[in-house]
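In what follows, a single structure is set out as structure tokens and then discussed.
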Amino acid sequence: MTCEDDKHGHRSRLIPSGLPRKCSVFHLFVACLLLGFLSLLWLQLSCSGDVARAARGQGQETPGPSRACPPEPPPEHWEEDESWGPHRLAVLVPFRERFEELLVFVPHMHRFLSRKKIQHHIYVLNQVDHFSLGALHRFNRAALINAGFLESSNSTDYIAMHDVDLLPLNEELDYGFPETGPFHVASPELHPLYHYKTYVGGILLLSKQHYQLCNGMSNRFWGWGREDDEFYRRIKGAGLQLFRPSGITTGYKTFRHLHDPAWRKRDQKRIAAQKQEQFRVDREGGLSTVKYRVDSRTALSVGGAPCTVLNIMLDCDKAATPWCTFS
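Numbering follows UniProt numbering, in which position 83 of the sequence shown is assigned residue number 83; successive positions increment by one, without gaps.
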């Protein structure tokens, strides 16, 4: 560093050696701020997948999957308060090998619900891999929700069946107690991907009483999809009215969908009798017949947000559902 004298002979400021004498510390400070801003902008674009999508649109290849964004900071005051109301929500998140999404989901949902003053607890329902006769159990979202319902605390009186890759962005969305009937938060008019009228997946709120009235979800749906379509029939069969959001003007931008089908493949295989079974109503099985074991229960903090991880081993009855394993 060198010093420059002013006209009175005083040394007025430090200038890095090798730089023009007119380049001041102030200019260097501004340049550092600009570089920092550009770095943060690049991080946000790259972790949200916008950079990858833009590159694909220009015919360029992008190495590897897009990265999940860093978790949001927890709310400044996230301790629950009795003044928030008498009801408490159990957020049930069926899960297997979606760690990048989970790191974003837990802090985001905790922050979102706390801002809305919703008493809640997040249960990550982790299906533990299990080899049976050399075959791997397939993912069963519905059975995990049944198990999570039974394992959730008695202090909760309603549930959210919540996908880990779907984040609410509009704070006008209602996550309150659905007293009059099931409330489909991710309605077809708002979900970025599924728009058919009978869709009830993504995010669905029910009181525990109403979920029991439906006998929960069918345990016969191994692999991805169709279990929520069957549950729609259960809702109607139980004589319940389905409610959906109104007055939401953000359309398909109401949620952020983290799933990238280019690298996150879903198990959509249909095996023999399963092709017919997927369109039938399961009139016998459900919450009352789910068979599982909780291997462990762990309290975690993700980005300052609390949750409970339940490692769940589901029972696979190959006589009843021969499509429950990968051969």
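Using N, Cα and C, we set each Cβ at its ideal position, and we do this for glycine too.
Note that the structure is a prediction, hence the values are computed from the model and not measured.
Query                                                                                                                                                                : Result
For N170, which of helix, strand or coil comes out of DSSP?                                                                                                          : coil
Nearest to A142 by CA position, among R226, V128, N154 and E101, is which residue?                                                                                   : R226
With a threshold of 8 Å on Cβ separation, who are the neighbours of L173 within its own chain once the five nearest residues in sequence on each side are excluded?  : V185, P245, I248 and T254
Count the other CB atoms within 10 Å of the CB of S296; is the residue buried (16 or more) or exposed (fewer)?                                                       : exposed
Measure the C-alpha to C-alpha separation of R88 and L206 and round it to an integer number of angstroms.                                                            : 12 Å
For C316, collect the residues of the same chain with a Cβ closer than 7 Å to its Cβ; drop the 5 residues on either side in sequence, then sort them by chain order. : S132, H137, C324 and T325
With a 10 Å radius around its C-beta and 16 neighbouring C-beta atoms as the bar for buried, classify N154 as buried or exposed.                                     : exposed
Contact defined as beta carbons within less than 8 Å: I believe V124 pairs with M109. What is the distance between those atoms, to the nearest angstrom?             : At roughly 11 Å, the Cβ-Cβ gap does not stay under 8 Å, so V124 and M109 are not in contact.
Rank T250, H210, W222 and M217 by C-alpha distance to the C-alpha of L242 and give the top, closest one.                                                             : H210
How big is the Cα-Cα spacing for L103 and G304?                                                                                                                      : 11 Å
Under a three-way DSSP split, which group does P322 fall into?                                                                                                       : helix
Tell me the residue span of the alpha helix (DSSP H) that contains S114.                                                                                             : F99 to R115
If I measure Cβ to Cβ from K197 and keep anything under 7 Å in the same chain, skipping five residues before and after, which residues do I get?                     : P188
When the Cα of D228 is compared with those of Q212, I203 and K208, which residue comes out closest?                                                                  : I203
Ends of the beta strand (DSSP E) at H87?                                                                                                                             : Premise fails: H87 is in no beta strand (DSSP E) and is neither H nor E.
Is I118 closer than 9 Å to Y175 when the C-beta atoms are compared?                                                                                                  : yes
Taking DSSP as the reference, what is the three-state secondary structure of H137?                                                                                   : strand
Extract the residue ranges of the beta strand (DSSP E) inside the stretch 150-214, only unbroken runs of 3 or more that lie entirely within it.                      : 158-162, 166-168 and 203-207
For Y232, report the span of its alpha helix (DSSP H) as first-last.                                                                                                 : E227 to G237
Just to confirm the assignment, what range does the beta strand (DSSP E) spanning T308 have?                                                                         : A305 to L314
Out of K318, V309, F149 and A319, state which residue places its alpha-carbon closest to the alpha-carbon of V128.                                                   : V309
To the nearest angstrom, how far is it from the Cα of P94 to the Cα of H162?                                                                                         : 8 Å
In terms of residue numbering, what span does the beta strand (DSSP E) encompassing residue 333 cover?                                                               : An answer regarding residue 333 cannot be provided, because it is not within the stretch 1 to 327 covered by the chain.
Do the CB positions of N140 and L314 come within less than 9 Å of each other?                                                                                        : yes
Please name the residue in G223, S114 and R283 whose C-alpha comes closest to that of R96.                                                                           : G223
What's the C-alpha gap between A238 and D81?                                                                                                                         : 34 Å
Tell me which residues share the same chain as N311 and place their Cβ nearer than 6 Å to its Cβ, disregarding the 5 neighbours each side in the sequence.           : N126, V128, D295 and S296
For L190, which residues of its own chain have a beta-carbon under 8 Å away from its beta-carbon, when the five flanking residues on both sides are left out?        : P245, I248, T250, G251, Y252, T254 and F255
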